[in-house]
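Some notes on the structure that comes next.
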Ligand code: SD4
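In my numbering, the protein residues as written are 8 to 338.
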C-alpha cells in the first residue's frame with residue numbers, strides 16, 4: 008500500500024503539488040507515518056515565561072521523561088514563581104482576595120484532566136494530571152478538587168504573597184468592584200496564563216495550561232484554561248492548541264478545539280489560529296476591547312500563533328533554539 012509520503016512524492020514528481028493550494032500541502036502527517044521533515048522534539052508556549060518552561064520541557068524529554076512529564080514539569084516553573092502574577096504562587100487574587108487556580112493537561116493517548124476554582128495548592132497542573140491518570144473523570148472543581156489534592160499528598164499553602172495582597176488592596180481602593188477594570192486600555196494585563204505544547208522525538212504530543220485566571224474576577228469565576236477544547240486541546244493524530252487572554256471569548260467559540268479541527272482540515276497552525284481569532288471577531292462583540300491569543304503545533308512540528316490585539320508573544324524551542332516570537336494580530 009502507498010503511504011502518504013510516497014504518495015506525495017509521486018504527486019510531486021508529476022508536478023501536481025505545485026498546482027495544489029497551500030492548505031492541502033500542509034496537511035499534518037498522520038501519527039505513525041515517518042517523515043524526514045518532522046521537526047521533533049519541539050515545544051511552544053505562551054508569553055515570555057515560556058522560555059524557561061520550554062527549556063525545562065526539552066530537558067525532561069532529553070533525560071528520558073515522557074512528553075506528559077515534560078509539559079507538567081515545564082509549567083510548574085511559572086506556577087512556583089512568586090513574581091509571576093497570573094499563575095500559581097503569587098497569582099492575582101479574585102476581587103475578594105482569594106487566589107483561585109485553573110489548570111488542564113492532555114496526553115498523547117487522548118486522556119485529559121483538569122481542575123478549576125482550586126485554592127491553596129501551588130501546582131494545580133499536578134492535581135490535573137492526577138485527575139487524568141488516577142480517576143475515571145476529567146475535571147474536579149473547588150472544594151472537591153482541594154479535598155482530592157490533600158488526600159493525594161499535596162500540601163496547602165497560602166498563595167497570596169505580600170506583593171499581590173498589597174496590589175489587591177490598592178486595586179480595591181478604586182475598583183468599584185469591577186473585575187474588568189483596566190481591560191479597555193491595557194488588554195495584555197491581568198492575563199499571562201502559560202499554555203504549552205510539546206512533541207517528543209517520536210512525534211507524540213501533550214499539552215498543559217495553568218493560570219490564576221482573570222485578575223480581580225468575581226469569586227467562583229472559571230476561565231477557559233481548565234475547559235478541555237477551550238483553553239487546551241491535543242489530538243495526537245493532528246496536533247495541539249492552547250489559548251491565553253480573556254477566557255470568556257475562547258469559551259464561547261471553543262477555540263483550541265476549533266484550531267485543532269481546522270488543522271485536521273488541512274490548515275497550517277498559523278492559518279488555523281488566525282481563523283479561530285476571526286471566529287471570535289465574527290461571533291463575540293467584545294472582541295474589539297479584549298485580548299485572546301492562540302498558539303498551535305501540528306504533527307510535523309510546524310508552529311503558529313495569532314491574537315486579537317497587538318502585544319501577545321510566545322516562545323518556540325526547536326532545532327536547538329529557544330526564542331520569543333511576536334504574534335501577528337487581527338487589529
Ligand atoms: C482566563 N485565559 O482565565 C485565562 C487567563 C489568561 O493569560 O489567559 N491569562 O480567562
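The beta-carbon is built from N, C-alpha and C at its ideal position, and this holds for glycine as well.
Assigned secondary structure, residue i (DSSP; H/G/I helix, E/B strand, else coil)
i, result
"residue 336", "strand"
"residue 1", "Because the chain spans 8 through 338 in this model, residue 1 falls outside it and cannot be assessed."
"residue 299", "strand"
"residue 94", "coil"
"residue 278", "helix"
"residue 20", "Model confidence at residue 20 stands at a pLDDT of 44, short of 50, so the residue's coordinates are unreliable; what they give is reported in the following sentence. Here residue 20 sits in helix by DSSP."
"residue 157", "helix"
"residue 287", "helix"
"residue 310", "strand"
"residue 72", "coil"
"residue 84", "helix"
"residue 58", "helix"
Close Cβ partners of residue i (< 6 Å) along its chain, the five nearest in sequence each way excluded
i, result
"residue 104", "175"
"residue 216", "111, 202, 232, 238, 239, 249"
"residue 85", "56, 91, 94, 201"
"residue 317", "336"
"residue 77", "64, 67, 68, 205"
Option nearest residue i by Cα separation, candidates the options
i, options, result
"residue 320", "47, 46, 130, 52", "52"
"residue 220", "212, 308, 214, 201", "201"
"residue 306", "234, 115, 224, 163", "115"
"residue 66", "218, 208, 236, 318", "208"
"residue 148", "276, 106, 163, 227", "227"
"residue 259", "266, 75, 291, 87", "291"
"residue 326", "280, 89, 308, 102", "308"
"residue 245", "223, 270, 254, 257", "270"
"residue 279", "102, 247, 294, 254", "247"
"residue 71", "48, 251, 140, 126", "48"
"residue 255", "125, 150, 229", "229"
Residue i - partner residues in DSSP beta bridges
i, result
"residue 206", "49, 212"
"residue 218", "109"
"residue 305", "246"
"residue 121", "111, 146"
"residue 322", "52, 331"
"residue 241", "247"
"residue 201", "217"
Close Cβ partners of residue i (< 8 Å) along its chain, the five nearest in sequence each way excluded
i, result
"residue 79", "112, 132, 133, 136, 215"
"residue 140", "118, 120"
Sequence-distant residues of its chain with Cβ nearer than 7 Å to residue i (five each side left out)
i, result
"residue 179", "none"
"residue 284", "299, 301, 313, 314, 315, 337"
"residue 265", "283, 286"
"residue 159", "137"
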